[in-house]
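Chemist: Pasting a structure here, questions to come.
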Amino acid sequence: MSSPIDFLLWVKGPAFDIALAVFVIGIVVRLLEIVLLGRKQDLAEPKGEEFGPGLRTIVTRTLPEAGSFKQSPFTVIGGYIWHIGFLICLLFFVPHIELLHSVLGIKWPGLSNHIVDAVAVVTMATLVAMLIDRITHSVKRFLSGPEDYLVWLAAFLPIVTGYLAYHRVLVPYPLVLGIHILSIEFLMILFPFTKLMHTFTFPLARWYNGAMAGRRGVQS
Amino acid sequence: MSKATLERGLNALREEIDAPVAAFFSSCVNCGLCAEACLFYTETGDPRYTPINKLEPLRRIWEQEFTLWGRIKKALGLAQPVTDELLQEWEPLVYDACSLCGRCSMVCPVGNDIAYMIRKEREGFVASGNAPEGMKGASTRAIKVGSPMGVKFHAVQAQIRHIEADTGLEVPVDVEGADYLALLSSMEIMNFPEYIEALARIFKQAGVSWTLCSEAFEATNAGIQIGSSDIAAELVERVVKGAEKLKVKYVISPECGHAYTAIRWEGPNLIGRRYPFKVVHILELLDELRAAGRLKTQGMDEARLTFHDPCQIVRKGGVLEPPRNLLKQVAANFVEMSDHREMNWCCGGGGGVSANERADELRLKVFARKKSQLDELNVDKLVTACANCRLMLEDGLEEYRVELPVVGLTEMLAEHLVEDSE
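One line per chain: the protein sequences are A and B, in this order.
The UniProt record's numbering numbers the first residue of the first sequence as 1 and each following residue consecutively.
The UniProt record's numbering numbers the first residue of the second sequence as 1 and each following residue consecutively.
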């Protein structure tokens with residue numbers, strides 16, 4: 001790679017194709033690994049439905065249980081802020097929408113750059129605060145292994161590099177843009193191999209939880 | 001049973017992994033929120049008691065054998081195996097510090113049913129020989145003697161004779177063609193025979209055709225608590241045979257919560273077939289009788305009282321309204337605890353913890369959670385509907401030097417019964 005332009009072209013071309021393939025195939029494999037295991041037929045006479053309560057749990061678990069919120073407000077609020085912030089930056093930054101439009105053929109209105117810029121700052125600050133919490137909170141520190149820190153980094157890098165690219169902090173621009181895209185590819189490649197997978201498996205988990213409880217006449 | 005070995009334990013863990021387990025492990029992000037839902041963590045502050053951590057052995061098997069990436073890592077020597085040492089280290093977490101209460105399963109933001117997985121994980125612990133002596137003893141007694149506490153039917157007969165002498169009522173035994181077969185828990189037979197008396201009085205008044213069965217009186221299932229499906233299935237089979245022999249239409253689960261889980265929810269799956277009868281919890285039956293006007297009571301208990309929801313009949317059993325409907329019929333000053341119904345806190349002794357002497361100190365320590373719930377209310381009486389909860393509540397209250405009577409709901413109703421009301 002002789003120049004930043006070559007680097008950018010490589011990142012946008014072959015590297016992106018590889019990352020996309022790993023991302024899509026990996027996720028499909030992971031989801032198949034789960035659902036193909038199936039579960040045994042439950043022979044106990046049901047007290048309630050499975051399907052409806054399962055769907056309801058998919059929705060209701062988006063809000064925290066009252067006691068959890070009282071005990072761990074930071075985990076809950078921090079979780080909301082950075083997830084929503086990340087999605088706003090990903091889906092409502094005008095250049096991202098244009099890119100997705102060129103690939104998917106659909107588009108939607110974006111937010112002004114100033115708003116996305118502010119959201120990015122808040123998201124980065126929240127992620128840093130959550131990292132500090134993970135290192136200092138006795139339960140989180142105890143539970144955390146290298147993978148937890150790796151996925152934190154994978155979520156943090158796209159925002160930071162995007163921020164740097166937008167503000168033209170590093171020069172030359174093609175280099176910093178290339179690094180930004182590379183960070184996304186890093187995230188995509190890690191996806192099927194790490195707990196980033198929860199993005200796609202949480203509806204399944206919530207459904208099973210709600211369905212099994214629903215069968216017993218309880219809304220979980 | 002064949003000899004317990006690590007290999008058998010690993011096989012048992014493998015057999016337990018299904019789509020829900022895989023979805024749950026795939027979704028956990030180590031947020032730690034389940035810790036705050038578990039009284040073993042909240043009352044000790046020990047992060048090892050975080051519910052999801054108790055599943056590490058099962059998680060490793062899932063990752064290393066049920067995911068492509070995990071298999072690659074294992075082949076490259078990058079995986080930490082499940083060893084006897086790991087299982088030994090985890091055994092107290094899985095048995096002493098989990099009552100299978102399922103409260104963590106209600107709060108997990110990604111929806112993991114952690115209690116579902118602990119129940120499964122215990123199968124691997126038993127098969128590998130890593131289970132507490134107290135629970136092994138209870139399981140052996142359940143198989144050999146017929147009850148986890150070693151209670152034989154002549155002990156039931158002795159209680160029946162007392163009851164019949166005291167009340168002049170008949171307690172029917174082995175009556176073929178009765179509508180209902182009532183099951184008991186050993187704790188009721190030995191510690192709270194008032195329950196049997198209450199059944200006799202209530203059923204007499206309501207005109208319920210019922211019987212006990214000399215070959216199938218024990219409802220609790222030590223096999224489920226320790227995590228041995230073989231033992232559990234044999235115990236369920238006894239009840240099914242007894243019910244089939246007497247040709248009953250219904251089997252009544254006693255108040256005992258784990259008995260209800262065993263006979264109502266796990267039973268048919270353990271023996272691999274549907275029952276030819278229906279299973280009702282005693283509170284469900286009493287509530288039906290109440291709604292039909294067949295449970296006539298008089299007078300109201302004026303004491304300020306609250307209800308302790310047994311995890312297995314409420315959160316894990318869906319018997320939510322009956323205890324409240326019934327209490328309102330006889331209690332003038334019923335107040336709810338801060339966390340109640342499906343968010344109730346466990347007494348600390350469910351899931352076999354009460355049969356595991358090694359766990360006594362920890363169990364009494366974490367009872368502080370229940371005590372603080374009670375402190376908030378300033379009640380004069382505590383009502384519950386599970387003989388095990390009741391014993392644990394009495395034990396905990398004594399430990400914390402709290403003078404508070406604990407009563408069973410069925411007996412409380414029997415006390416308010418209108419006698420000779422035809």
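Think of the CB as a built atom: it goes at the ideal place given N, C-alpha and C, for glycine as much as any other residue.
Since we're looking at a predicted model, the values are computed, not measured.
Can you pull the chain A residues whose beta carbon is under 8 Å from the beta carbon of residue 50 of chain B, in chain order?
Modeler: Correct list: 139, 142 and 143.
Chemist: Kindly list the residues whose CB is nearer than 7 Å to the CB of residue 422 of chain B, restricted to its own chain and excluding five residues on each side of it in sequence; keep chain order.
Modeler: Summary for residue 422 of chain B: the model assigns pLDDT 45, below 50, so the residue's position carries little reliability; its value from the coordinates is reported in the next sentence. Contacts found: none.
Chemist: Who are the Cβ neighbours of residue 432 of chain B in its own chain at under 7 Å, not counting the five residues just before and after it?
Modeler: Chain B is shown from 1 up to 422; residue 432 of chain B falls before or after that span and cannot be answered.
Chemist: Which residue spans inside the region 132-164 of chain B form an unbroken alpha helix (DSSP H) run of at least 4?
Modeler: DSSP runs (the alpha helix (DSSP H)) wholly in the region 132-164 of chain B: 133-144.
Chemist: Assuming contact is defined by CB atoms lying nearer than 9 Å, are residue 116 of chain A and residue 35 of chain B in contact in what I supplied?
Modeler: Not closer than 9 Å, so no.
Chemist: When burial is assigned at 16 or more other CB atoms within 10 Å of the CB, is residue 63 of chain A buried or exposed?
Modeler: By the neighbour-count rule (16 or more Cβ atoms within 10 Å), residue 63 of chain A is not buried but exposed.
Chemist: May I ask you to report which of helix, strand or coil DSSP gives residue 223 of chain B?
Modeler: Looking at residue 223 of chain B - three-state DSSP - the assignment turns out to be helix.
Chemist: Which residues mark the beginning and the end of the beta strand (DSSP E) in which residue 180 of chain B is found?
Modeler: Per DSSP, residue 180 of chain B belongs to the beta strand (DSSP E) from 180-182.
Chemist: When the Cα atoms are used, what is the spatial distance from residue 417 of chain B to residue 51 of chain B?
Modeler: Computed Cα separation, rounded: 43 Å.
Chemist: List the residues of chain B that residue 57 of chain A touches, going by C-beta distances under 7 Å, in chain order.
Modeler: Result: 111.
Chemist: Does any residue of chain B bring its CB to less than 9 Å from the CB of residue 6 of chain A?
Modeler: It does not: the Cβ of residue 6 of chain A has no partner Cβ on chain B nearer than 9 Å.
Chemist: From what residue to what residue does the alpha helix (DSSP H) around residue 116 of chain B run?
Modeler: 114-127 is the extent of the alpha helix (DSSP H) around residue 116 of chain B.
Chemist: Do you know whose CA, among B/102, B/240 and B/406, lies nearest residue 40 of chain B's CA?
Modeler: Residue B/102 is the option with its Cα nearest to residue 40 of chain B.
Chemist: May I ask you to report which of helix, strand or coil DSSP gives residue 248 of chain B?
Modeler: In the structure shown, residue 248 of chain B sits in coil (DSSP, three-state: anything other than H, G, I, E or B).
Chemist: Can you pull the chain B neighbours of residue 185 of chain A, defined as C-beta to C-beta under 7 Å?
Modeler: Simply none; closest approach about 18 Å.
Chemist: Identify the contact partners of residue 107 of chain B in chain A, using a Cβ-Cβ distance below 8 Å as the criterion.
Modeler: Near residue 107 of chain B (Cβ distances below 8 Å), the residues of chain A are 64, 65, 67 and 68.
Chemist: Mind listing the chain B neighbours of residue 205 of chain A? Cutoff is C-beta to C-beta under 7 Å, in chain order.
Modeler: Result: 23, 24, 27, 110, 111 and 112.
Chemist: Please state whether DSSP places residue 40 of chain A in a helix, a strand or coil.
Modeler: In this structure, residue 40 of chain A counts as coil in the three-state DSSP scheme.
Chemist: What's the gap between the Cα of residue 143 of chain B and the Cα of residue 231 of chain B?
Modeler: Going from the Cα of residue 143 of chain B to the Cα of residue 231 of chain B covers about 7 Å.
Chemist: Can you list, in chain order, the stretches of the alpha helix (DSSP H) that have 4 or more residues and sit fully within the region 238-326 of chain B?
Modeler: Runs of the alpha helix (DSSP H) inside the region 238-326 of chain B: 257-260, 267-271 and 282-291.
Chemist: Does residue 105 of chain B come out as helix, strand or coil in the three-state DSSP assignment?
Modeler: Three-state DSSP puts residue 105 of chain B in a helix.
Chemist: Compute the distance between the beta-carbons of residue 23 of chain B and residue 68 of chain A, then report whether it is under 9 Å.
Modeler: No, the pair does not count as a contact, with Cβ atoms beyond the cut-off.
Chemist: Give the C-beta separation of residue 38 of chain A and residue 214 of chain A to the nearest angstrom, bearing in mind that I take them to be a contact with Cβ-Cβ under 8 Å.
Modeler: Actually they do not touch by this definition, with Cβ atoms about 19 Å apart.
Chemist: Roughly how many whole angstroms lie between the Cα atoms of residue 64 of chain B and residue 288 of chain B?
Modeler: Between residue 64 of chain B and residue 288 of chain B, the C-alpha separation is close to 50 Å.
Chemist: Closer than 8 Å by beta-carbon distance: list the chain A residues that pair up with residue 66 of chain B, in chain order.
Modeler: Going along chain A in sequence order, the residues near residue 66 of chain B (Cβ under 8 Å) are 33 and 37.
Chemist: What did DSSP end up calling residue 5 of chain B once you bin it into helix, strand or coil?
Modeler: If DSSP states are grouped into helix, strand and coil, residue 5 of chain B belongs with coil.
Chemist: Does DSSP classify residue 209 of chain A as helix, strand or coil?
Modeler: In the structure shown, residue 209 of chain A sits in a helix (DSSP, three-state: H, G or I).
Chemist: So if DSSP puts residue 218 of chain B in a beta bridge, which residue, or which two residues, is it bridged to?
Modeler: Looking at the DSSP assignment, residue 218 of chain B forms a beta bridge with B/184.
Chemist: May I have a chain-ordered list of the alpha helix (DSSP H) segments no shorter than 4 residues that lie completely inside the region 349-379 of chain B?
Modeler: Counting only runs of 4 or more, we get 360-366 and 368-377.
Chemist: Beta-carbon within less than 7 Å of residue 170 of chain A's beta-carbon, same chain only, minus the 5 sequence neighbours each way: which residues are those?
Modeler: Contacts found: 164 and 176.
Chemist: If you measure beta-carbon to beta-carbon, which residues of the region 339-354 of chain B are closer than 8 Å to chain A?
Modeler: Within the region 339-354 of chain B, the qualifying residues are 339, 342 and 343.
Chemist: What does residue 252 of chain B reach in chain A if we use C-beta pairs closer than 8 Å?
Modeler: What residue 252 of chain B touches in chain A: nothing, since even the nearest Cβ is about 15 Å away.
Chemist: What residues from chain A crowd round residue 31 of chain B, counting only those whose CB sits closer than 8 Å?
Modeler: Simply 75, 79 and 140.
Chemist: Between residue 366 of chain B and residue 348 of chain B, how many whole angstroms is the CB-CB distance? I'm expecting something under 8 Å.
Modeler: Confirmed, Cβ separation roughly 5 Å.
Chemist: Can residue 226 of chain B and residue 266 of chain B be called in contact, C-beta distance under 9 Å?
Modeler: It is not a contact, given that the beta carbons lie outside the stated cut-off.
Chemist: Within 10 Å of its beta-carbon, does residue 214 of chain B have 16 or more other beta-carbons around it, so buried, or fewer, so exposed?
Modeler: Flag for residue 214 of chain B reads exposed.
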